[in-house]
Amino acid sequence: MRSSQGSLRSPEKETGTYNINLYPHVENAVRGFLTGLVTAPFITLFANMVHYTTVFNTGHRMLILLLPLGAAAILFTYTRFGASSKKITSTAIREIHQAEDNEDISEADRLITPGMGIISFFTAGLSHLLGASVGKEGAGVQIGFTCASSLSRLERKIRGSSRLDYYLMSGSAAAFSSLFSAPVAGTLFGAHLASPRLSRMDAYMPCLISSFTSNMVSQALHIHVIGIPAFSPLPLNTTNFVAVLFIAVLTGFASNLTCQALEFFKERMNTLYSFNKYLKVMIPALLLTLFSMAVYFVSGSFSYNGLSSDLISKAVAGQSTIYDFLIKTVLVLLSLSAGFQGGEVVPLLVLGATLSAAVAGAFMLPVAPLAVLGAVGFLSGGMKLPLVTFFLGMELFGYGEPRLLFVMTVVSFLASGRSGIYSHQRVI
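Position 260 of the sequence shown, counted from 1, bears residue number 332 in our numbering, the numbering being contiguous throughout.
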């Protein structure tokens, strides 16, 4: 792993003493602060836009009939303005890897432009406006990457050099922190996103400063964050430990199957409709529309479309069934296969909460804490970032029993295999 620019302590062989070199760390602290300060307003605007478009869709549910046209519009946007805009996260992860491998990335910030962030904003907004079953973290982090890359480019013009990897990690930290009001999880997200198997200790300072700065600024700007009902965590005892162990394995396997199913759906569409790229997205979008309408006629609700964060509240309240999990799974797979943008984090949280709430009765344990544990466990398996989801469980969900929470996130991660939502990650 690449070391940071200068170490905190450099041994001097001649004297046997240590010299303190704080300058690189001051530089990184400034980078982190600026990244958090610049990213927060854009993430606040994005999160509130997602909220209001979701509210608008709730009052105009027939917009779901436009999903096939929306999928075509999003594909046209990427085709017209650059297909690379769809791969901002993969590009950023690759550039961070190059820094870890001591490769030159002096021109890399040109690959991620402000226009890419605008496209992410637009396509995610359209996806939520029409009721696609997607999240918000993916597009939000992409916006964070574009803010960070722009700052790196500015520093390069002023000083002649920059450290894009620190900027990119700080940008993702700032975005994640603001979106979920979780500055500790955001810090770890930025430092570990690209390489979960490495501990980028050199990135902790800029990521921490960026994460906390962005969180405080976005809170002051009244960013919208999903709410979680109050609940009491499970106490640690043998019975609960064994139950959580079983559910962790279950959610890990289920998370793995979900990620594999998504890849299968995308590959299947590419194979069946390789002669027409628009059919690749419009066919699953049409299926998404038909399935959404069928669910509405049976249940009288479109609550499975969009973020569906209320399904987490429903699961915590003990009102969820296995059908909630199955219906949401189909909608998520079809939405992502159709190319709708937003992210996978909130959908994975919803899937984990509904699945665990549905099986809680088999363990004769309270539904609410198991739903929360299942949510973070499912996400841990999909993100491949158990430490991030561990702190997200405490910060976003307010889970007060860290030992069982830690068991859930780690075991789910181990049981989930290699399939995940972020390509180019170095997991093992």
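Heads up, the beta-carbon is just placed ideally off N, CA and C, and yes, glycines get one too.
Which residues in the same chain as residue i place their Cβ atom closer than 7 angstroms to its Cβ, once the five residues preceding and following it in sequence are excluded?
i      : result
Phe325 : Ala487
Thr361 : Ile136, Leu137, Leu139, Pro140
Thr323 : Gly424, Leu427, Ser428, Gly446, Gly449, Phe450, Gly453, Ser484
Cys279 : Gly104, Met241, Ser242, Ala245, Thr259, Gly262, Ala263
Leu464 : Phe252, Ala254, Ala257, Val448
Met277 : His97, Asn100, Ala101, Gly104
Ile215 : Phe114, Ile115, Phe118, Gly189, Ser192, Phe193, Ala247
Tyr368 : Phe374
Met354 : Pro140, Ala143, Ala144
What residue range is occupied by the uninterrupted alpha helix (DSSP H) comprising residue i?
i      : result
Gln391 : Unbroken run through Gln391: none, as it is neither H nor E.
Arg225 : 209-231
Thr311 : 310-344
Tyr350 : 349-371
Ala145 : 139-153
Ile190 : 186-202
Pro419 : 417-431
Val206 : Unbroken run through Val206: none, as it is neither H nor E.
Met273 : Per DSSP, Met273 belongs to no alpha helix (DSSP H) and is neither H nor E.
Gly243 : 236-252
Identify, in the order they occur along the chain, each residue of the same chain with its Cβ nearer than 6 angstroms to the Cβ of residue i, setting aside the five sequence neighbours on each side.
i      : result
Leu468 : Phe252, Ala254
Ala320 : Gly449, Met480, Val483, Ser484
Val439 : Gly390, Ala429, Ala432
Thr461 : Val448, Leu451, Ser452, Thr481
Ser199 : Val206, Phe412, Gln413, Gly414
Leu408 : Leu334
Val417 : Gly207, Glu209
Ala204 : Ser407, Phe412
Mark residue i as exposed unless 16 or more other C-beta atoms lie within 10 angstroms of its C-beta, in which case mark it buried.
i      : result
His264 : buried
His132 : exposed
Lys229 : exposed
Asn100 : buried
Gln332 : exposed
Met273 : exposed
Arg235 : buried
Asn309 : exposed
Ser381 : buried
Pro419 : buried
Pro307 : exposed
Gly189 : buried
His169 : buried
Val289 : buried
Ile515 : What the structure shows of the chain is the stretch from 73 to 500, and residue 515 is not part of that stretch, so it cannot be assessed.
Ile394 : exposed
Ser346 : exposed
Ser364 : buried
Thr343 : exposed
Thr151 : exposed
Pro356 : buried
Pro186 : exposed
Secondary structure at residue i, three-state DSSP: helix, strand or coil?
i      : result
Gly470 : coil
Ala266 : coil
Gln170 : helix
Pro438 : coil
Val448 : helix
Gln291 : helix
Ile136 : helix
Arg490 : coil
Gly104 : helix
Ala302 : coil
Pro255 : helix
Ala410 : coil
Leu109 : helix
Gly378 : coil
Lys400 : helix
Pro96  : helix
His296 : coil
Pro307 : coil
Lys158 : helix
Leu117 : helix
Leu383 : helix
Leu459 : helix
Near residue i, which residues of its chain fall below 8 angstroms by C-beta distance, leaving aside the five closest residues on each side in sequence?
i      : result
Val388 : Ile300, Pro301, Phe303, Ala425, Ala429, Val439, Ala440, Ala443, Val444
Leu317 : Val479, Val483
Phe435 : Ala315, Phe318, Ile319, Leu442
Met455 : Val417, Leu420, Thr461, Gly492, Ile493, Tyr494
Does the ligand SAM have a heavy atom nearer than 8 angstroms to the CB of residue i?
i      : result
Ile215 : Among the ligands in the structure shown, none appear at all, so the ligand SAM cannot be discussed.
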